[in-house]
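Going by UniProt numbering, 1 is the number at position 1 of the sequence shown; the sequence numbering is gapless. Everything on this sheet refers to the single structure shown next.
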Amino acid sequence: MTDRQTDRQTDRQTDRQTDRQTDRQTDRQTDRQTDRQTDRQTDRQTDRQTFDPGA
């Protein structure tokens, strides 16, 4: 019984750590994608203004 309880606790901790790491990785990827999209939009706007100053 004690071994099983210990195993369960260990499994839970491992699962939590894995979940946290996965969350962090997902957050980072999302941040990078958002940054890229923002950069692209900014670049496009800048390009438009540069080519067509009256816009």
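Ideal Cβ placement from N, Cα and C applies to all residues, glycine included.
Rounded C-alpha distance that separates residue i from residue j
i, j, result
"ASP31", "MET1", "45 angstroms"
"ASP35", "GLN45", "15 angstroms"
"GLN37", "ARG28", "14 angstroms"
"THR6", "ASP19", "20 angstroms"
"ASP52", "THR26", "38 angstroms"
"GLY54", "ASP47", "12 angstroms"
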